[in-house]
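Numbering (my numbering), first residue to last: 1410 to 1842.
Note that the Cβ used here is the ideal one computed from N, Cα and C, for glycine as well.
All figures in this text were calculated on a predicted structure; none of them were measured in a lab.
Working notes for the structure below.
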Ligand SMILES: NC(=O)c1ccc[n+]([C@@H]2O[C@H](COP(=O)([O-])OP(=O)(O)OC[C@H]3O[C@@H](n4cnc5c(N)ncnc54)[C@H](O)[C@@H]3O)[C@@H](O)[C@H]2O)c1
Ligand SMILES: *[C@@H]1O[C@H](CO)[C@@H](O)[C@H](O)[C@H]1NC(C)=O
């Protein structure tokens, strides 16, 4: 993994750390002594077992191959059956007046899990879909499912958005009024390791989902996650929806921008109502391990040095951190204000709504500030290493103009990073792993 080291620290995203697993010597020592193995034979057996355990853990956590898809598409054999269908229908059942029935893709992800919960809580029907890929620790995705979603009665299907047979089956079973499409290959740096995963999920998968959605009758309204990264090298702040977005600085950004154009096409040709939300660096409990606040915290606690990026000419690197609850409110409001699609069965009947809206916080926090907040909270001084931000994906700063979100969605972010972290929020709760 040493070859990955230089790209393992930066403010926004890093490739996953599967394969970084290191045997914890102290616990091994403890185990060994606890069982007091005196004779050689049990000792050999013991170490063989330990060795096998590590091999399997390592195998489980090792990074996906860069060429082969990480997981083959499921065949129809792995889902279906009347029990499965009943679970889907029960989960999709609307329990409030004027509630929606929502298909949430990426439901085991950070934003997807929180959004699914919020929808379910207010009485909407929710069916989740996620392929549980190994971009980051799968156990975190599984825990979000078992500890948050299963308990709330949200059924999450282990499947891929590229699986048209599965999607058609789902739309056949349930009349989804809305799709909240959050499944994607996220992160900026991982594109240097596995570029195809971005195309596969963010372009191919999105087109596949739109193809199925446009053919249903009636069509659902679609709300999906674009990203602030589409602003790329744009230097005018704050970033407004009208600013240019044709200078992406990463493959991730390019696929999100492609998604916006593809969405426009499906809106134009087939009358699908589509809202693209440009999220700005989302943080909060059950968050993604590839994000700075997450791995900074771990590294500071372990007394490991952290790399602090600075822009060209010692410029500050800053992010418009947006709290998960604010993002979820924005997503729900986008679903609630989405107009109906106008087409049916693949035919457009009239103009349909098309929106692109920033969801940020409008108060950028510099990476230095982030680290000092964490230091204060953890009561540990960070070992800082200032390095020039490599020019391979990141932009120096993000700052959202949210007037449009205010107007269209009644969006008012209420959480400030420092206040949130200072509110005595226990970090275990924050990291939740
Ligand atoms: N978190 C942020 O700061 C941020 C910022 C901007 C945009 N976004 C976008 O918001 C969305 C949610 O992000 P997140 O932070 O929750 O990321 P996440 O990685 O935690 O969630 C995405 C989920 O989608 C699933 N997935 C990926 N490809 C899939 C496929 N082909 N089929 C089915 N499931 C698939 C993954 O397993 C994962 O659980 C993404 O579209 C992301 O690009 C996030
Ligand atoms: C924010 O965007 C709106 C349009 O949505 C624009 O009228 C306004 O001037 C922008 N504000 C700033 C500070 O750029």
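Proximity test, residue 1514 beta-carbon vs ligand 3 heavy atom, cut-off 7 Å: Annotation note on ligand 3: not contained in the displayed structure, which lists ligand 1 and ligand 2 as its ligands.
Heavy atom of ligand 1 within 7 Å of residue 1496 beta-carbon: no
Environment of residue 1628 [buried if 16+ CB atoms lie within 10 Å]: buried
Option in 1510, 1631, 1679, 1607 with minimal Cα separation from residue 1666: 1607
C-beta atoms of residue 1534 and residue 1502 nearer than 8 Å: yes
Selection from 1707, 1738, 1810 that minimises the alpha carbon distance to residue 1786: 1707
Other residues of its chain near residue 1508: CB distance less than 8 Å, five sequence neighbours each side excluded: 1531, 1532, 1533, 1534
Residues sharing a beta bridge with residue 1862, DSSP: Here the chain has residues from 1410 to 1842 only, and residue 1862 is not among them.
Segments of 4+ residues assigned as alpha helix (DSSP H) that fall wholly inside the stretch 1651-1723: 1660-1679, 1701-1710
Residue of 1788, 1686, 1827 minimising C-alpha distance to residue 1742: 1686
Separation of residue 1784 from residue 1674, as counted between CA atoms: 47 Å
Any non-hydrogen atom of ligand 1 closer than 7 Å to residue 1786 Cβ: no
Residue 1727 - DSSP class collapsed to helix/strand/coil: strand
Counted within 10 angstroms of its Cβ, other Cβ atoms place residue 1760 as buried (16 or more) or exposed: exposed
Any non-hydrogen atom of ligand 1 closer than 7 Å to residue 1779 Cβ: no
Enclosing alpha helix (DSSP H) for residue 1797 [first to last residue]: Looking at the DSSP string, residue 1797 is not in any alpha helix (DSSP H); the run it does join, the beta strand (DSSP E), is 1792-1797.
Coil, strand or helix - residue 1534 by DSSP: strand
Option nearest residue 1732 by Cα separation, candidates 1590, 1710, 1764, 1520: Relative to the Cα of residue 1732, the nearest Cα in the group 1590, 1710, 1764, 1520 belongs to 1520.
Span of the alpha helix (DSSP H) around residue 1616: 1615-1624
Closer than 7 Å: residues whose CB approaches a heavy atom of ligand 2: 1647, 1649, 1650, 1651, 1810, 1812, 1813
Closer than 7 Å: residue 1605 CB and nearest ligand 1 heavy atom: no
Cβ-based neighbour list, residue 1647, same chain, cut-off 7 Å, excluding 5 preceding and 5 following: 1771, 1808, 1809, 1810
Nearest candidate by alpha-carbon position, reference residue 1577, set 1617, 1712, 1587: 1617
Residue 1690 beta carbon near ligand 1 (any heavy atom closer than 7 Å): Within the cutoff, so yes.
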